[in-house]
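Enquirer: Line order of the protein sequences matches chains A and B.
Position 5 (the first sequence) corresponds to 5 in the working numbering; numbering is contiguous.
The number in the working numbering is simply the position in the second sequence, starting from 1, with 1000 added.
From the three backbone atoms N, C-alpha and C, an ideal C-beta is built for every residue, glycine too.
Here the structure is a predicted model, which is why all the values come from computation and not from measurement.
The structure is given below, and queries will be raised subsequently.
2 protein chains.
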Amino acid sequence: MTRLDAPPPIRIGLLGFGVVGGGVVRLLSQKAGAIATEIGRSIVLRRVLVRDPGRSRPFDLPEGDVTTDAGAILDDPEIDVVVELMGGVTPAAEYIRRAIRNRKHVVTANKDVMATQGVDILQLAREHGVDVYYEASVGGGIPLIGVFRQDLVANEVHQVHAIINGTTNYILSRMAGDGVDFGPALAEAQSLGYAESDPTADVEGIDATYKLAILASLAFRTQVSPAAVYREGIARLRAADFRYARELGYVIKLLAIAKRHPGARGAGAPGARSTPLTQGARDGGAPPPTDETAADEIEVRVHPTLVPQDILLAGVNGVFNAVHVRGDLVGDVLFYGRGAGAEPTSSAVVADIVDVAHNINAGVANRIPFHYAGRLPIRPIDRLETRYYVRLWVADRPGVLGQIAQVFGDHQISIASCIQKETDPSAESAELVIITHPAREADMQASLSTLEALGTVRELSTMCRIEAFA
Amino acid sequence: MTRLDAPPPIRIGLLGFGVVGGGVVRLLSQKAGAIATEIGRSIVLRRVLVRDPGRSRPFDLPEGDVTTDAGAILDDPEIDVVVELMGGVTPAAEYIRRAIRNRKHVVTANKDVMATQGVDILQLAREHGVDVYYEASVGGGIPLIGVFRQDLVANEVHQVHAIINGTTNYILSRMAGDGVDFGPALAEAQSLGYAESDPTADVEGIDATYKLAILASLAFRTQVSPAAVYREGIARLRAADFRYARELGYVIKLLAIAKRHPGARGAGAPGARSTPLTQGARDGGAPPPTDETAADEIEVRVHPTLVPQDILLAGVNGVFNAVHVRGDLVGDVLFYGRGAGAEPTSSAVVADIVDVAHNINAGVANRIPFHYAGRLPIRPIDRLETRYYVRLWVADRPGVLGQIAQVFGDHQISIASCIQKETDPSAESAELVIITHPAREADMQASLSTLEALGTVRELSTMCRIEAFA
């Protein structure tokens, strides 16, 4: 393939040789010809950092040496692009920084690093004239980062609603479609390799908070910390919740939600206030509110959510992911695909490598700078206003429903509908499902505390927020 | 906003000032600050080509002169980017070429030009060192062109299934959801401004063939002519078809379908054979088949299609569009949003303008060259193999069903299921709906001809292909 006048190959150093790393190596080898045609030169894998060089691999490493010494990649002047696929913050973040300081471009799939340190790393890359690409950090093979940075650039993004954890979506789909309860659905996901033996990060919504932090930071040109995302997992849901939800016209999804609420001055124009990172506004935060203006606030939360049956997100099942974005110009757009797996993730990593290669060919870096608009205040969950679904077991005797309605009423919460079907004669209990009109979270939490203290309430089983997509 | 050391503004010449043109002008004005922040310099509208300068506009043109002389834009050395929003091939294609020859970048929403002359225009742009962007030519505000050119670049695309005409999707959604017949649904679409007074281009699927030609050309790195796309419109569908489809577990959509069929040598590696345009392979076509290899073929068709109820495309309703892509690495991905309208389309046009501005800032053009893999043979519709839905009225007497089954059997078509419900006693007719197992189009057409000649067949009402999404 190589012609005498062809430019020299682009040399890759790979950090991490797990499932995705192996997929990338296989892909770079299998599609070497197509990739060379696309970028007009070849890509060679110069070195791979592994933890255990003795471990047997599904295939030999082509054209690459295996090393356990990160410096042999990070400090090698022959390497043009460092592809970081180790995962976790330590030591990946420091390796990424060192690669940048050594003027290497970086392609990473690391959600932990980009969610917690993304703005700083993009800033460092800008200072050193190199590119950092991270399309594979969210949504596997679904184009998202490039879409926010380029395609939606003219939009003010109002809302993001995302199913960005395939493990929990698989479990919820099984519970909804087949009446399986949480425990067996989780066990099944584990046996299929969709859930890890310690499923906490997925099931408790932690993974989703990192991905939402990345998406919200991009959408609102800010830095949202994963720790700032309100979070509830799916472990409390029961098969009964899915039956009731269906009856009421809903499905239950673990949604990652980000919304921007305009300050008092009106709809806002975030771009107009944003400042390139190099102008030092990064630590300045949002402009201080004056008498006439209040800063925009953002709302970021991950929790099981009742979603109307007839919207597209409701039809996203199994391990698939989908991100629904509402912008002021495009209106509603949705991006759907496999959020994980060696092949989809490798597809995103290699697309990033190819884009970096185009930049190297053109002699440019930071062609599209990330503009940071300052830190935006996070609206506390207490101030959320939404409709609620509450399932509880109460004493099966006259006057109890009235007593419960009274508690909600005392907290300014109005009941929209109520279902009572199941009874447990031995325990003299009845199952009650209540849907509220829009109410404030603080009032709902206060109501639930009051209810819990009532002798007639046997169990507060489930509380779910309802997303209207109005 | 302007600082003394700021680079000079980027100057736009706009061709066409209709709905989308007006939207772009409004957007460039309303978001001037945000756009200037994004690209580090301002964008000014220098001149607008209009047909009738006397016509009243919803707003004044800011910083721009109105002209009826295209040369005042195309030949103005002060203009950096020509934004072509006239539509139609003549004179738009010639204007685009003249702009390129005068070394202006071009942003266009023109599906007619890009579908019929896209490869040549991209080639001309490459020769003259300028960029041509055309995201708005397909799917309004849905990111598609950039997605194919960048995000999916590592994939071999196997299939595209698209709902890319909002007018027909609105009509079909009304027919499906509310039992409205074609005529009233069309009239309603017209009264809402979703359909033109002459709806032919939408209703007959012509618009969709142009958009499919663009998508298939990108997906397969070739040039598919809209004329090569097999096409049927939606005017023959009746409310009854939607009732039967629902009963059978399907919805009816006007799908634009593109598939790549590997030649005898196997799955193929199109990229490996692709050649940059400048290497003169453009007119060479596909490599000649040898004894061992046969060229890949592509299948491109637009027609009403029965789609399983439970897939995501089936839930795309109203004027929304969606494009479902299957690639060898990403598997299934889907992109959804508004396919038309001033704001979504302006969003795409302005995103393209911003991207061109980034290129101007970086001093690059053709950063991502379009690699043409040669002309691929189109598989004739006769060789299609799929399942079919056939609705027909037959004489209501014994033996007729057997006679019809016999005709299909004589043509190697096996019937999977049959519904007979409606009868018209006055005409002694019965309505019959037949679903076949996979069969060849040529055999189906021959069967229909034979059936039509039978005295017992009163009317061949509808024939629809079924897409399995296996």
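Report the residues of the region 1364 to 1381 of chain B with a CB closer than 9 Å to any CB of chain A, ordered along the chain.
Expert: Per Cβ criterion, the list reads Val1364, Ala1365, Asn1366, Arg1367, Ile1368, Pro1369, His1371, Ala1373.
Enquirer: Cβ closer than 8 Å: which chain A residues qualify as neighbours of Ser1346(B)?
Expert: Simply Ala154, Leu329.
Enquirer: Would Gln1406(B) be called buried (16 or more neighbouring beta carbons within 10 Å of its own) or exposed?
Expert: Exposed.
Enquirer: Compare the beta carbon distance of Ala1295(B) and Asp1382(B) with 7 Å and say whether it is the shorter of the two.
Expert: No. Outside cutoff.
Enquirer: Sort Asp1310(B), Ala1322(B), Val1319(B), Thr1386(B) by Cα distance to Gly318(A) and report the nearest one.
Expert: Looking at the Cα atoms, Asp1310(B) is the closest of the given residues.
Enquirer: Less than 6 Å between the CB of Leu454(A) and some heavy atom of the ligand NAD, yes or no?
Expert: Ligands are entirely absent from the displayed structure, and the ligand NAD is therefore not among its contents.
Enquirer: Counting along the chain, where does the beta strand (DSSP E) carrying Tyr1388(B) start and finish?
Expert: Note, Tyr1388(B): beta strand (DSSP E), 1385 to 1395.
Enquirer: Return no unless some Cβ of chain C is closer than 7 Å to the Cβ of Arg1338(B).
Expert: In the structure shown, chain C does not exist; the protein chains are A and B.
Enquirer: Measure the alpha-carbon distance for Ala32(A) versus Ser42(A) and round it to whole angstroms.
Expert: Computed Cα separation, rounded: 7 Å.
Enquirer: What residue does the alpha helix (DSSP H) around His1358(B) start on, and which one ends it?
Expert: That run of the alpha helix (DSSP H) goes 1342 to 1362.
Enquirer: DSSP three-state label for Pro1304(B), please.
Expert: Strand, per DSSP.
Enquirer: If you measure beta-carbon to beta-carbon, which residues of the region 172 to 193 of chain A are closer than 8 Å to chain B?
Expert: Listed by position, the residues of the region 172 to 193 of chain A near chain B (Cβ gap below 8 Å) amount to none.
Enquirer: Excluding the 5 residues preceding and the 5 following Leu124(A) in the sequence, name in chain order all residues of the same chain whose CB lies nearer than 8 Å to its CB.
Expert: Hits under 8 Å: Arg97, Ile100, Arg101.
Enquirer: Between Val1356(B), Arg1440(B), Val1325(B), which lies nearest to Ile142(A) when the distance is taken from Cα to Cα?
Expert: Selected option, being the one with the closest Cα: Val1325(B).
Enquirer: Which full runs of the beta strand (DSSP E) of 3+ residues lie inside the region 79 to 146 of chain A, going along the chain?
Expert: Those beta strand (DSSP E) runs which fall completely within the region 79 to 146 of chain A and span 3+ residues are 81 to 84, 105 to 108.
Enquirer: Counting only C-beta atoms, is Glu84(A) closer than 7 Å to chain B at any point?
Expert: So no, Glu84(A) is outside the interface.
Enquirer: Hey, Asp151(A) and Ala1351(B): beta-carbon distance below 7 Å or not?
Expert: Yes, the Cβ-Cβ distance between Asp151(A) and Ala1351(B) is below 7 Å.
Enquirer: Can you tell me whether Glu1196(B) is buried or exposed? The criterion is at least 16 other CB atoms within 10 Å of its CB, across all chains shown.
Expert: Glu1196(B) should be labelled exposed.
Enquirer: Taking just the CA atoms, how far does Val1390(B) sit from Met1114(B)?
Expert: Going from the Cα of Met1114(B) to the Cα of Val1390(B) covers about 36 Å.
Enquirer: Considering Cα atoms alone, identify which of Arg379(A), Lys111(A), Glu204(A), Thr386(A) is closest to Thr90(A).
Expert: Closest by alpha carbon: Lys111(A).
Enquirer: Step through the CB atoms of chain A and report whether any lies within less than 7 Å of the CB of Thr1456(B).
Expert: Thr1456(B) does not count as touching chain A.
Enquirer: Could you spell out where the alpha helix (DSSP H) holding Ser1173(B) opens and where it closes?
Expert: Segment 1166 to 1178, the alpha helix (DSSP H) holding Ser1173(B).
Enquirer: How would you call Gly1146(B), buried or exposed, if buried means at least 16 neighbouring beta carbons within 10 angstroms?
Expert: Flag for Gly1146(B) reads buried.
Enquirer: Name, please, each residue of chain A whose Cβ falls closer than 8 Å to the Cβ of Val1106(B).
Expert: Going along chain A, no residue has its Cβ under 8 Å from Val1106(B), so there is no contact; the nearest lies around 18 Å.
Enquirer: Can you check the region 375 to 451 of chain A for any beta strand (DSSP E) of at least 3 residues that lies completely inside it and give the ranges in chain order?
Expert: Listed in chain order, they are 385 to 395, 415 to 424, 429 to 436.
Enquirer: Between the beta-carbon of Arg46(A) and the beta-carbon of Arg103(A), is there less than 7 Å?
Expert: Their beta carbons are not under 7 Å apart, which means Arg46(A) does not touch Arg103(A) by this criterion.
Enquirer: Flag Ala362(A) as yes if its beta-carbon sits less than 7 Å from any beta-carbon of chain B, otherwise no.
Expert: Output row for Ala362(A): interface = yes.
Enquirer: Taking CB distances under 7 Å as the criterion, tell me whether Phe220(A) reaches chain B.
Expert: Closer than 7 Å: no.
Enquirer: So Pro304(A) and Arg126(A) are supposed to be a Cβ contact under 8 Å. How far apart are they, rounded?
Expert: Rounded, the Cβ-Cβ distance is 39 Å, inconsistent with contact.
Enquirer: Would Lys1211(B) be called buried (16 or more neighbouring beta carbons within 10 Å of its own) or exposed?
Expert: The residue is buried, with at least 16 neighbouring Cβ atoms inside 10 Å.
Enquirer: DSSP state of Phe1017(B), grouped into three classes?
Expert: Reduced to three states, the DSSP call for Phe1017(B) is coil.
Enquirer: In angstroms, rounded to a whole number, what distance separates the CA positions of Ile1415(B) and Leu1448(B)?
Expert: If you take the alpha carbons of Ile1415(B) and Leu1448(B), they lie about 14 Å apart.
Enquirer: Would you list, in chain order, the members of the region 23 to 50 of chain A that have their beta-carbon closer than 8 Å to a beta-carbon of chain B?
Expert: So the close ones are Leu27, Lys31, Gly33, Ala34, Ile35, Thr37, Glu38, Gly40.
Enquirer: Span of the alpha helix (DSSP H) holding Arg485(A)?
Expert: With chain A covering only 1 through 470, there is no way to say anything about residue 485(A).
Enquirer: For Lys253(A), count the other beta carbons within 10 Å of its own beta carbon; 16 or more makes it buried, fewer makes it exposed. Which is it?
Expert: Buried: at least 16 other Cβ atoms inside 10 Å.
Enquirer: Can you give the beta carbon distance from Pro1009(B) to Val1066(B), rounded, assuming they're within the 8 Å contact cut?
Expert: 19 Å between Cβ atoms; not a contact.
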